[in-house]
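**Q**
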Amino acid sequence: MPVPRTPRHRLVGGALFLALLTALGIAVASPSGAPPTPGDERRPVSDIGPLPWPRDGQSAVDLEGTGSLGERGGRRPVPIASLTKVMTAYVILEEHPLRPDEEGPLIEVDRTAAHEAGVGGESTVPVRPGERYSQRRLLELLLIPSGNNVARLLARWDSGSQAAFVVKMRRAAGRLGMKDTVYTGASGIEPTTTSTAADQVRLTRAAMEDPVFRAVVATRETTVPGLGTITNTNPLLDTPGVLGVKTGSSTPAGGNLLWACEVRVGGTPRLLVGAVLHQRANTTPAEGLRAAVDTSRGLLTAVRDRLAAAGTEGRGR
0 MPVPRTPRHR
10 LVGGALFLAL
20 LTALGIAVAS
30 PSGAPPTPGD
40 ERRPVSDIGP
50 LPWPRDGQSA
60 VDLEGTGSLG
70 ERGGRRPVPI
80 ASLTKVMTAY
90 VILEEHPLRP
100 DEEGPLIEVD
110 RTAAHEAGVG
120 GESTVPVRPG
130 ERYSQRRLLE
140 LLLIPSGNNV
150 ARLLARWDSG
160 SQAAFVVKMR
170 RAAGRLGMKD
180 TVYTGASGIE
190 PTTTSTAADQ
200 VRLTRAAMED
210 PVFRAVVATR
220 ETTVPGLGTI
230 TNTNPLLDTP
240 GVLGVKTGSS
250 TPAGGNLLWA
260 CEVRVGGTPR
270 LLVGAVLHQR
280 ANTTPAEGLR
290 AAVDTSRGLL
300 TAVRDRLAAA
310 GTEGRGR
């Protein structure tokens, strides 16, 4: 039997609490226009004050049940490097959904992926021709150490060619309303793959609704037979409450980071999602990524602190 696909919908807030609004001066509106449901604590929070936005690049932050908490830097599409792999994983899981406890079909490493493993100048995983990995394992090699050759291998497995897979990526972007995004490859090595912080937040929220994707991007490290221990490229995972998602860096793209964090509003867990793009572009990838991580940590800490000060967040995780 085919595996049922995970619903990809957004949760919206329900009840409005007048006392909280009066105390904080927070303006809110019911997203659906429907009256609040008794006992529903998912209330919108549309303004928590100024956030420490970076001076350069683009940033956007979105809170489940509320929507955008703000964005900076405009919506001019910029290169996004390995953030591209989030869409690659999203399309693979749409086409070949997995249950949380399922490994999926075995996929054979072709000569192209093995050859690319030895090519310098990009992030790759040292796979060999004829090796077979489960779909889930390849998703781990895609998203944890950020293997470009694995991204292209998955694209060929799904669609026969990377070009055909890119068509699916673009269609998925269209369905998600990512109007300022263009994909030209599955890995992100191409500087012609461009997007905006707002579009990447939209994609991240949709991708995080898949439990397999969510589990993989939250993995700090894992052991792969024949490859040893692989470590996540996302240092933000050391921050309490952070659930992933993906780093991306190159000289033209600068440092980029998509992140998701659990916060509590009125005792109810909500997903806080952020995107920081184009930090320290045209320097070194390492310098750009450090800037993206520092900026992201500052943004998510500020949101959590404001919610805690308002008495709306309990710091669990």
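So in numbering that gives the first Met the number 0 the end of the sequence shown lands on 316, straight run, no missing numbers.
For glycine and all other residues, C-beta sits at the position ideal for the given N, C-alpha and C.
As the structure is a prediction and not an experimental result, all values here were calculated from the model.
1) In or out: alanine 163 buried (at least 16 other Cβ within 10 Å) or exposed?
2) Taking a contact to mean a Cβ-Cβ separation below 8 Å, would you say tyrosine 132 touches leucine 92 in this structure?
3) For valine 241, tell me which candidate among Leu97, Leu298, Asp179 has the shortest Cα-Cα distance.
4) Going straight from the alpha carbon of valine 223 to that of isoleucine 229, what length do you get?
5) Keeping to the same chain, check which residues put their C-beta closer than 6 Å to that of leucine 68; ignore five residues upstream and five downstream.
6) How many angstroms separate the CA atom of leucine 153 from the CA atom of proline 144?
7) Looking at C-alpha atoms only, which residue of Leu138, Arg110, Arg303 is the closest neighbour of glutamate 101?
8) Does the region 195 to 205 come into contact with the region 163 to 183, if we say contact requires no fewer than three beta-carbon pairs (one atom in each stretch) closer than 8 Å?
9) Please report how far the alpha carbon of valine 302 lies from the alpha carbon of valine 77, in whole angstroms.
10) Could you name the residues of the same chain whose beta carbon sits closer than 8 Å to that of asparagine 281, not counting the 5 residues immediately before and after it, in chain order?
11) Should glycine 38 go down as buried or exposed, given a rule of 16 or more other Cβ atoms within 10 Å for buried?
12) State the DSSP-derived secondary structure class of valine 216, mapped to helix, strand or coil.
13) Pull the bridge partners of valine 118 from the DSSP assignment, please.
14) Can you grab the Cα-Cα spacing for the pair glycine 266 / arginine 305, in whole Å?
15) Between which residues of its own chain and alanine 22 is the CB-CB distance below 6 Å, once the five residues before and five after are set aside?
16) Mind reading off the beta-carbon distance from leucine 236 to arginine 213? Whole number of angstroms is fine, and I expect it under 8 Å.
17) Check whether the Cβ atoms of glycine 146 and valine 124 sit closer than 8 Å, and answer yes or no.
18) Could you give the DSSP three-state label for threonine 246: helix, strand or coil?
19) Give the straight-line distance between the Cα atoms of glycine 120 and asparagine 148, rounded to the nearest whole angstrom.
20) Output the distance between the C-alpha atoms of glycine 247 and proline 96, rounded to the nearest integer angstrom.
21) Can you tell me whether DSSP reads glycine 254 as helix, strand or coil?
22) Any idea what DSSP makes of alanine 308, helix, strand or coil?
23) Can you tell me whether arginine 151 is buried or exposed? The criterion is at least 16 other CB atoms within 10 Å of its CB, across all chains shown.
24) Could you give the distance in angstroms between the alpha-carbon of serine 160 and the alpha-carbon of arginine 289?
**A** Result, derived from the coordinates:
1) Working through the sequence shown from its first residue, we reach residue 163 at position 164. Exposed, by the Cβ-count rule.
2) Here residue 132 corresponds to residue number 133 of the sequence shown, with the count starting at 1. Here residue 92 corresponds to residue number 93 of the sequence shown, with the count starting at 1. Their beta carbons are not under 8 Å apart, which means tyrosine 132 does not touch leucine 92 by this criterion.
3) In the sequence shown, residue 241 corresponds to position 242, counting from 1. Nearest C-alpha to valine 241: Leu298.
4) To locate residue 223, count along the sequence shown from 1; it is residue 224. To locate residue 229, count along the sequence shown from 1; it is residue 230. Answer to the nearest angstrom: the Cα atoms are 7 Å apart.
5) Numbered from 1 along the sequence shown, position 69 holds the residue referred to as residue 68. Closer than 6 Å at the Cβ level, and outside the excluded window around leucine 68, lie Val60, Leu62.
6) On the sequence shown, residue 153 is found 154 positions in, with the first residue counted as 1. On the sequence shown, residue 144 is found 145 positions in, with the first residue counted as 1. Those two C-alpha atoms are separated by around 15 Å.
7) Translated into the one-based positions of the sequence shown, residue 101 becomes position 102. Per the Cα distances, Leu138.
8) With a cut-off of 8 Å, the region 163 to 183 and the region 195 to 205 count as touching, because enough Cβ pairs lie within range.
9) One-based indexing of the sequence shown puts residue 302 at position 303. One-based indexing of the sequence shown puts residue 77 at position 78. Distance between valine 302 and valine 77, taken at the CA atoms: about 26 Å.
10) Position 282 of the sequence shown, counted from the first residue, corresponds to residue 281. Within its own chain, the residues whose Cβ lies closer than 8 Å to the Cβ of asparagine 281, once the five positions on either side in sequence are excluded, are Thr250, Pro251, Gly253, listed in chain order.
11) As a first step, residue 38 is located in the sequence shown; it is residue number 39 there, counting from the start. Model confidence at glycine 38 stands at a pLDDT of 33, short of 50, so the residue's coordinates are unreliable; what they give is reported in the following sentence. By the 10 Å Cβ count, glycine 38 comes out exposed.
12) Counted from its first residue, the sequence shown places residue 216 at position 217. Note: valine 216 maps to helix in three-state DSSP.
13) To locate residue 118, count along the sequence shown from 1; it is residue 119. Beta-bridge partners of valine 118 (DSSP): none assigned.
14) Against the sequence shown, residue 266 aligns to sequence position 267. Against the sequence shown, residue 305 aligns to sequence position 306. If you draw a straight line from the Cα of glycine 266 to the Cα of arginine 305, it is about 15 Å long.
15) Taking the sequence shown and counting its residues from 1, one reaches residue 22 at position 23. Only weak support exists for where alanine 22 lies, its pLDDT of 35 falling under 50; the coordinates are left without a value.
16) As a working note, residue 236 is residue 237 in the sequence shown. As a working note, residue 213 is residue 214 in the sequence shown. The beta carbons of leucine 236 and arginine 213 sit about 13 Å from each other, so the pair does not count as a contact at 8 Å.
17) Walking along the sequence shown from the start, residue 146 turns up at place 147. Walking along the sequence shown from the start, residue 124 turns up at place 125. A Cβ-Cβ contact shorter than 8 Å links glycine 146 with valine 124.
18) One-based indexing of the sequence shown puts residue 246 at position 247. When DSSP states are grouped into helix, strand and coil, threonine 246 belongs to the strand group.
19) For the purposes of this step, residue 120 is identified with residue 121 of the sequence shown, where counting begins at 1. For the purposes of this step, residue 148 is identified with residue 149 of the sequence shown, where counting begins at 1. Straight-line Cα distance between these residues: approximately 12 Å.
20) In the sequence shown, counting from the first residue as 1, residue 247 sits at position 248. In the sequence shown, counting from the first residue as 1, residue 96 sits at position 97. Approximately 25 Å between the Cα atoms of the pair.
21) Locating residue 254 in the sequence shown gives position 255, where the first residue counts as 1. It is a strand residue.
22) Numbered from its first residue, the sequence shown carries residue 308 at position 309. The answer is helix: DSSP assigns alanine 308 an H, G or I state.
23) Indexing the sequence shown from 1 puts residue 151 at position 152. Classification for arginine 151: buried.
24) The residue given as residue 160 occupies position 161 in the sequence shown. The residue given as residue 289 occupies position 290 in the sequence shown. So the two alpha carbons sit approximately 34 Å from each other.
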